[in-house]
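Start counting the sequence shown at 633; every next residue gets the next number (my numbering).
We put the CB at the ideal spot given by N, CA and C, even for glycine.
First comes the structure, then the notes that go with it.
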Amino acid sequence: MERLVVMRTTQMLDEDGKLSGVVATIKDITEEAAPEKRAIIAESALMREVLSFVRRVAASEATTILLEGENGTGKDLVAKTLHYQSLRQAEPFIAINCAAIPETLLESELFGYEKGAFTDARNQKRGIFELADKGTLFLDEIGEIPLMLQAKLLRVLEDQSFRRLGGLKDIKLDLRVVAATNKNLREAVKEGAFRQDLYFRLNVIQITIPALRERTDDILPLTNFFVEHYNRKFKRNIEGVSEGSVRLLLSHDWPGNVRELRNAIERAMILEESSHITPSSLPIAISRPDGSAAMAANLPSEIPNEGLSLEDNERSLLARALEKTNGNQTQAARLLRITRDTLRYKMKKFNLR
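Next comes the structure, spelled out in structure tokens:
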């Protein structure tokens with residue numbers, strides 16, 4: 633297999649400042665540069681415009697970039713594109729989800745610490761800022777960073793330097809920071825949940841990633857891309873998508889955006905037994921979009937003056953869901969958009985079998 637590598641050289645100088653040697657480091661970036669890890673499908677005019685701007689920014693010297701967009705729109709993929717189409721592509725790309733790390737650990741993860749900085753600091757540890765030096769740091773869900781850390785992050789962005797916890801000297805950085813959020817940071821600033829000065833610093837270059845429902849021309853190209861990807865991954869030979877499935881995919885509103893589409897195609901590629909993806913292998917939310925409405929058709933359209941029994945109507949919905957799925961609890965739970973555990977609890981509550 634052909635590998636893609638980059639080589640970086642560092643000159644070694646002696647005490648007199650004369651060249652004494654050269655150290656060469658070679659890094660294999662085959663996996664990092666794989667098309668499925670950085671390809672952005674852009675057939676729609678809206679997404680082509682966004683991608684064109686992304687490429688311009690990637691080639692620039694911009695050190696702070698803010699990505700905004702709903703969950704599942706592909707902000708992480710845009711961040712990778714900003715890195716791998718920049719002059720920093722041979723350097724580290726490090727991503728961190730700010731919401732996934734407890735507040736008590738986030739500071740030490742970002743800044744690192746010196747030996748003895750706190751009780752359990754038995755050895756020096758380099759933080760994420762230091763590990764990403766010369767490259768790109770992707771801070772996902774930036775809106776979840778605590779206010780106290782926001783002030784420290786602002787200093788790093790302003791000065792391109794930081795101190796490890798317990799450290800006494802500043803460490804210089806050469807770093808591009810790409811931050812992403814699904815929140816409205818302007819509103820967070822008004823509410824006092826996000827620092828205004830940090831928002832302005834991050835928002836020097838702002839890129840909004842459109843929702844999939846706003847770029848419907850990309851649905852089928854994305855679908856074909858995922859079919860090819862999962863054909864390779866699962867060693868399948870699915871040829872494409874049936875006409876019925878195409879209609880369903882194009883009519884769905886995709887609240888989960890590209891992530892929802894990818895997961896739907898992955899499911900279909902696992903379950904499909906024919907040569908094309910058929911509606912039966914798609915998630916129920918896509919293949920039977922009116923299922924929930926049909927089940928509720930017999931419910932009162934409005935609450936009568938004399939009132940009604942919530943429990944009786946809930947029991948009726950549960951019973952019809954189980955009847956519709958021939959008692960399959962997993963399918964019934966999916967139809968009602970609740971977890972299987974919740975379904976089983978309610979079955980026990982209403983004495984349903």
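Residues sharing a beta bridge with residue i, DSSP
i, result
"ILE837", "ILE697"
"THR768", "PHE725 and ARG808"
"THR813", "GLU700"
"LEU797", "TYR745"
C-alpha gap between residue i and residue j, whole angstroms
i, j, result
"ASN983", "ALA825", "46 Å"
"LEU779", "GLU739", "12 Å"
"ASP885", "ILE918", "9 Å"
"LEU789", "ARG833", "8 Å"
"GLU710", "ILE672", "The sequence shown places Val at residue 710, rather than the Glu named in the question. Each residue's alpha carbon lies about 8 Å from the other."
"HIS908", "ASN856", "11 Å"
"ARG891", "ARG947", "33 Å"
"GLU823", "GLU955", "48 Å"
"TYR977", "SER913", "28 Å"
Distance between beta carbons of residue j and residue i, contact taken as under 8 Å
i, j, result
"ILE841", "LYS707", "6 Å"
"ASP806", "ASP765", "6 Å"
"GLN717", "ALA690", "4 Å"
"GLU741", "ILE733", "6 Å"
"LEU968", "LEU949", "7 Å"
Residue i versus the options, residue with shortest Cα-Cα distance
i, options, result
"ARG693", "THR705, GLU700, LEU719 and SER684", "Residue 693 is actually Glu in this sequence, not Arg. It is LEU719 whose Cα lies nearest to the Cα of GLU693."
"ALA722", "LEU742, PHE832, ALA732 and GLY767", "GLY767"
"GLN987", "ILE726, CYS730 and LEU683", "Nothing about residue 987 can be reported from this structure: the residues present for the chain run from 633 to 985 only."
"GLU875", "SER883, HIS715, ARG985 and THR910", "THR910"
"PHE866", "ASP849, ARG899, ILE803 and ILE851", "ARG899"
"PHE685", "GLN838, PHE858 and GLY798", "GLN838"
"ILE728", "GLY759, ASN703, THR713 and LEU967", "GLY759"
"LYS815", "ILE777, LEU683 and GLU860", "ILE777"
"LEU830", "ASP791, VAL682 and LEU852", "ASP791"
"ALA753", "GLY798, LYS784, ASN889 and VAL859", "GLY798"
Exposure label - residue i; buried when at least 16 CB within 10 Å
i, result
"ASN960", "exposed"
"THR751", "exposed"
"PHE725", "buried"
"THR971", "exposed"
"LYS981", "exposed"
"GLY744", "buried"
"ARG879", "exposed"
"ALA677", "exposed"
"VAL809", "buried"
"LYS712", "buried"
"ARG985", "exposed"
"ARG818", "exposed"
"THR813", "buried"
"LEU882", "exposed"
"ARG845", "exposed"
"THR736", "exposed"
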